[in-house]
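Protein chains in written order, with our numbering: chain A, 1 to 340; chain B, 1001 to 1340; chain C, 2001 to 2340; chain D, 3001 to 3340. The beta carbon of each residue, even a glycine, is placed where N, CA and C say it ideally should be. Note that this is a predicted model, so its numbers are computed, not measured. Working notes, structure below.
Number of protein chains: 4
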Amino acid sequence: MVGVAVVGLGYWGPNLVRNLHDVEGARAELVCDLRPDALEGIARRYPAVRTTTDFADVIADPAVDAVAIATPVSSHFELAARALEAGKHVFVEKPLTASSDEALELIELADEHGLVLMPGHTFLYSPPVNMIRSLIAAGELGEIYFISTSRVNLGLHQSDVSVAWDLGPHDFSILRYWLDETPSHASALSRGCVIPEIPDVAFIDLEFPSGTVAHVELSWLAPSKLRRTTIVGSRKMIVYDDTSNEPVRVFDSGVMLRDPETFGEYNLTYRTGDIVSPHLEVAEPLRLELEDFARAIETGSTPQSSRELGLEVVRMIEAVDASLEQNGAKVDVGAERSLV
Amino acid sequence: MVGVAVVGLGYWGPNLVRNLHDVEGARAELVCDLRPDALEGIARRYPAVRTTTDFADVIADPAVDAVAIATPVSSHFELAARALEAGKHVFVEKPLTASSDEALELIELADEHGLVLMPGHTFLYSPPVNMIRSLIAAGELGEIYFISTSRVNLGLHQSDVSVAWDLGPHDFSILRYWLDETPSHASALSRGCVIPEIPDVAFIDLEFPSGTVAHVELSWLAPSKLRRTTIVGSRKMIVYDDTSNEPVRVFDSGVMLRDPETFGEYNLTYRTGDIVSPHLEVAEPLRLELEDFARAIETGSTPQSSRELGLEVVRMIEAVDASLEQNGAKVDVGAERSLV
Amino acid sequence: MVGVAVVGLGYWGPNLVRNLHDVEGARAELVCDLRPDALEGIARRYPAVRTTTDFADVIADPAVDAVAIATPVSSHFELAARALEAGKHVFVEKPLTASSDEALELIELADEHGLVLMPGHTFLYSPPVNMIRSLIAAGELGEIYFISTSRVNLGLHQSDVSVAWDLGPHDFSILRYWLDETPSHASALSRGCVIPEIPDVAFIDLEFPSGTVAHVELSWLAPSKLRRTTIVGSRKMIVYDDTSNEPVRVFDSGVMLRDPETFGEYNLTYRTGDIVSPHLEVAEPLRLELEDFARAIETGSTPQSSRELGLEVVRMIEAVDASLEQNGAKVDVGAERSLV
Amino acid sequence: MVGVAVVGLGYWGPNLVRNLHDVEGARAELVCDLRPDALEGIARRYPAVRTTTDFADVIADPAVDAVAIATPVSSHFELAARALEAGKHVFVEKPLTASSDEALELIELADEHGLVLMPGHTFLYSPPVNMIRSLIAAGELGEIYFISTSRVNLGLHQSDVSVAWDLGPHDFSILRYWLDETPSHASALSRGCVIPEIPDVAFIDLEFPSGTVAHVELSWLAPSKLRRTTIVGSRKMIVYDDTSNEPVRVFDSGVMLRDPETFGEYNLTYRTGDIVSPHLEVAEPLRLELEDFARAIETGSTPQSSRELGLEVVRMIEAVDASLEQNGAKVDVGAERSLV
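The structure is reproduced here in structure tokens:
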């Protein structure tokens, strides 16, 4: 039984505490936040969980085997580093760190101490995302031509990070997971509409070594919530809509290029077949994610949401930032430095 | 009564002939196509319309006051120029020409001969597009922060032009019409998925002098038809879906930034109000467009789909092409040369 | 080549003329309507088709082998009878006649003269309807528990017939076609909302000998068009929405009753599987229907939309009327007199 | 502060306990269920709440001012009667009782002891339902012509009651609340598809004294969840879809009958205007309901979900049962005995 301390009671922290109650191999031991009233709320709901306002208590506590960090991203590195140095396994909410240098340093620290370091890319545990990954891996879609995704809704402007740092980790981790490759290049256009210095809408283009291109639209400003991803393959196509009762819809449609004629005429065939909404198991991704964390600690397995994937996601966001600084120019994602 | 010759019986030509029958001030006199069987089809349907395979007949015909050109874009310039030189008013299907130089030359020719030259940007006559233009013009949406649009479906790969030349004129003309300004910069990512040398998917970013940014996604490869445009303003937002029974939906939603606090805290208010689908008149845009052409010929008025707008649309596509050639770099649209 | 005269240029007549142009084995010879201006419109469009305001011309014309009647239902019997007596094959728009007695008399007349009599139940030629019929016939849905259907929209109040006579033939013919049986009982509730003496909304219950029950909601008053039918079988379920891009959706869902326990406990299993939208051929049902009519004339085959089915549909509407007159009581549909 | 005992930990009981924690004027004191393991679950979650398996403890407890009964309907009467006799206020989950006689007896008991008796018709506290009630009351819809509603989904067959007793209370209470009148007549068709003796689909017709008719479709067998109600008025129409992000949509559409012509011609005008989705407050209906209960206890006010409304709902279900027993005949709802 892994004793876990949850640090930070913003949006994700309470979800972590709640889910830890349902995880077989782990237990919420301690909860840490600077705000006493946030701690009180938890104490009332979960009388068995101890609380503290001091992170020093967390790393000093012998009942705490692992620390789950759900604080603002700027503090991820320092808190994770201190926990690792104190011999605690570490789970960090996405994005892993505020820079790839920080991520690399944490990875080194984890190696040094033989500890688990895991970023919380929850979507890697979502049934629709995994269904799509299986279909891609099985070749059902053929070559992946392109992916276009929109993650927008009205809400929750962050005051410390851009929309790319806030929402980008979702799509970047999913793309990395589905395609099993890191993009080679990124470019982006962004605008701070409400607060000029904080970009709240971003249009991001990604190019992958295999030829796949991806477009990612992120925004905190939208008339209605949209979580829509289109995956166009040479054999089939998929629409993944996370807000729908049928989140995955597989279209047996495509265009075939038959032997090009001698005189420059193209001979195309359009194919439109059945559309299937495969049945999906109902599961709470966050619980599966925490179980993966507990399993990694107990068995030494590599979690699906690996530290290397977390590092690459940070590099992708850094590339977006670099493109924005260079007036939208296409930027090298630095995959050559990839650890995977 | 304006006598019109329709040249080219591909997709649009027959629609032009059909709609000319409903236009008050114009009449289809002559139809020209290189393929005798295409002409036969028209002759059977419209026995009163004469046919020819020779464009020389068109410009020589004294009953022909105006020529409507619906041929592949590569031939627009030559045919339009010959018609203008023969003293015929000219209507050209979008895009106006294959280059802005050609467009400028046609404009000069039209001026020289005192003739109407009009590109067929049909969407400028669509009731939803005009409803949205009115709302923007009336300030209902406030400042236009950004516009994101998807025009995709499975189908009709062109063998001579890219998806940007084929579908781009729709969105570019609409954006120009709504915002009343030409973008200053464009950048793009594109891929030829089915036929490598012919881009069939494009992700295009546009920046306008006022600060508005726009994203345009175009594709001939998609699981289902999408004609969805989101317009995010500081006061209201609109979703325009041309495939829906309710093509315009106005969201009285937004984010307000209240007096920023002294110490870097932002004070945001989210507002979510009613959603309204305004009732729209039913009208055939193509008929309205041809009536505007006839009116321009008879009264000297400037058509809503003006030659200058047609020129700017060509410049926008050229900028997209230039960006693609420069590896996605941000390109000046050349608005400084604008005639408007 | 069957020479056809179309009688009545209301809503359906012009569609019949248009489709006859695409039918291989038939040709529109003559068009008849009391209103000269309606005839002029047709003459302008189809110069080869002759016109008359006198039905006597129709039945006297030797080039007319068959008469297609698209007049108000009250005149169906007289016109059809005169045509049959004149030796013409007869196609009648739905419903076949204004009473089952009239229908029986027409059937006798047709037998007497050895002529084809066919009601125009167009939905029997619609690809979605036929796809569903095949699935039911193949046992894919198991036992059909119940069918619930809504056919409502804002519009086209008839001044001579109730909504049951106007819209009922669609659903009644489809149900008869799918289930291959005539309902034994009907009951109904109706209201004349706008014009008290003309029912414009009806809720109709039907019971079939096999145990299947059906509910049919019909209305000319509705906020939006609905053409939605749910078919619940013991093995699978179908939603048929004729306004959708995916008109047929097959749900592999159901409830299984396992060996009931000894002490009154029921052991139910809920099954939720994939949802499939089968690809459907695109076809114009009206053209297929007219081809079936021409085939029946030329080969003596029985059309899918048979006169017996037409008779049973009339009996179903009569049963609805009888129930309404008897304060909503359950009424015998009179299937024992069925000819099938 | 009202001390409440919750009796019955099936589907609704735990929701009552949870919501009582958020209600200002009430507190969950005691929870009672026959199954010790159900009690344990509550005890773990809410350590402050006491538990018992014996209802005698509930009515003997001086800290218990009121009893909330969420047991199967067959036990409602006995438990409620015992609680009232012990001087406890009573809240009963819908339907109030298994017969109108039982309901009348409970009402008498409550009067005798001067106690609150309240059925839990939660939908009367739902923001969309109240928005629609206000629009109807304000005359926005004009005369209510008819209401058609579908409440179907795959699931949760009850083994003790029919679908009319299980799902009917929702729609019957809403209709009563909106229309402010009890139906005069009811008729119904039903079928036990999975378990022959337990009807799992029902089609119910209701007629109201004002002329309004209503159709209610209820089923535990359906391909997908449907909570769709259409309200057609003489001035406007509403679609209420409780599963949608926009649960209320108001259509400014209708048909107007202008001065009927002298010779039997009707002169109808169709009007199609804007569609509005009014913004709705987010609120937890169950919490509002319990607050109304607490308020009734403390101030003597009549709760929105009144005992009389609860009685009438039971009478409506009884009328449905009577119609089913009489082969679908139209049955008097017995409103003449109404207490309201």
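- One thing to note: Y2046 (chain C) has its Cβ no nearer than 8 angstroms to the Cβ of V2067 (chain C).
- With a beta-carbon spacing of about 18 angstroms, L179 (chain A) and L218 (chain A) fall beyond the 8 angstroms limit used to define contacts.
- In the DSSP assignment, R2227 (chain C) falls within the beta strand (DSSP E) that extends over 2226–2233.
- With respect to the 8 angstroms criterion, G3233 (chain D) and I3144 (chain D) are classified as neighbours on the basis of their beta carbons.
- Ranked by how close their Cα comes to the Cα of V3152 (chain D), the residues C:H2157, C:F2146, C:P2223 have C:F2146 in first place.
- Under the Cβ distance rule, D1200 (chain B) does not count among the residues neighbouring chain D, no pair being separated by less than 8 angstroms.
- Counted as a single uninterrupted DSSP element, the beta strand (DSSP E) harbouring D1205 (chain B) occupies residues 1201–1207.
- When Cβ-Cβ separations below 8 angstroms define contact, N2327 (chain C) makes contact with chain D.
- At least 8 angstroms separates the CB of G1254 (chain B) from every CB of chain D.
- Short of 8 angstroms from the beta carbon of L1288 (chain B), and not among the five residues preceding or following it, lie these beta carbons of its own chain, in chain order: Y1125.
- For the pair N2267 (chain C) and M3118 (chain D), the Cα-to-Cα distance works out to about 34 angstroms.
- Taking the CA atoms as reference points, E284 (chain A) sits about 21 angstroms from G8 (chain A).
- At a beta-carbon threshold of 8 angstroms, the residues of chain A lying near P3047 (chain D) are P47, ordered along the chain.
- R50 (chain A) sits close to E29 (chain A), with the two beta carbons spaced by under 8 angstroms.
- Per the C-alpha coordinates, the member of B:L1324, B:K1330, B:Q1326, B:S1323 positioned closest to Q326 (chain A) is B:K1330.
- For P1127 (chain B) and E1281 (chain B), the gap between their C-alpha atoms comes out near 6 angstroms.
- Nearest neighbour of R315 (chain A) by Cα position, chosen from A:E102, A:C32, A:G155, turns out to be A:E102.
- Excluding residues up to 5 positions away in sequence, F1146, E1207 lie with their Cβ nearer than 6 angstroms to the Cβ of V1213 (chain B) in the same chain.
- Residues V3007, G3008, L3079 of the same chain have their beta carbon placed closer than 7 angstroms to that of T3071 (chain D), with the five preceding and five following residues left out of the count.
- By the rule that beta-carbons nearer than 8 angstroms mark a contact, L2154 (chain C) touches chain D.
- Put simply, the CB of V239 (chain A) is far from chain C, with every gap to its CB atoms at 8 angstroms or more.
- Spatial neighbours of G3155 (chain D) in its own chain (CB-CB distance under 8 angstroms, excluding positions within 5 residues in sequence) are listed in chain order as W3220.
- In summary, the residues of the stretch 2270–2287 of chain C whose CB is separated from some CB of chain A by less than 9 angstroms are T2272, G2273, D2274, I2275, V2276, S2277, P2278, H2279, in the order they occur in the chain.
- DSSP places N1267 (chain B) in the strand class (E or B) of the three-state scheme.
- Distance from the CA atom of P2062 (chain C) to the CA atom of V2073 (chain C), rounded to whole angstroms, is 26 angstroms.
- Rounded to the nearest angstrom, the Cβ distance from R3228 (chain D) to G3254 (chain D) is 20 angstroms, too far for a contact under 8 angstroms.
- Taken through DSSP and simplified to helix, strand or coil, D1332 (chain B) comes out as strand.
- At a cut-off of 8 angstroms, the C-beta of D1205 (chain B) has a neighbouring C-beta in chain A.
- Counting only Cβ-Cβ distances below 7 angstroms, E3140 (chain D) has no contacts in chain B at all, with the closest Cβ about 14 angstroms away.
- Comparing C-alpha distances from S2162 (chain C) to each of C:M2001, C:V2313, C:G2192 shows the shortest one belongs to C:G2192.
- Under the 8 angstroms criterion on CB atoms, E246 (chain A) is classed as interfacial with respect to chain C.
- Rounded to the nearest whole angstrom, the C-alpha separation of H2170 (chain C) and L2309 (chain C) is 12 angstroms.
- With contacts defined as CB atoms closer than 8 angstroms, V2313 (chain C) and R2133 (chain C) fail to qualify as a contacting pair.
- Taking 8 angstroms as the cut-off, the beta carbon of L3189 (chain D) is found closer than this to the beta carbon of F3203 (chain D).
- Proximity of C3193 (chain D) to chain C, defined by a Cβ-Cβ separation below 8 angstroms, is satisfied.
- Residue C:E2181 holds the alpha-carbon nearest to the alpha-carbon of G2334 (chain C) among C:P2196, C:M2256, C:E2181.
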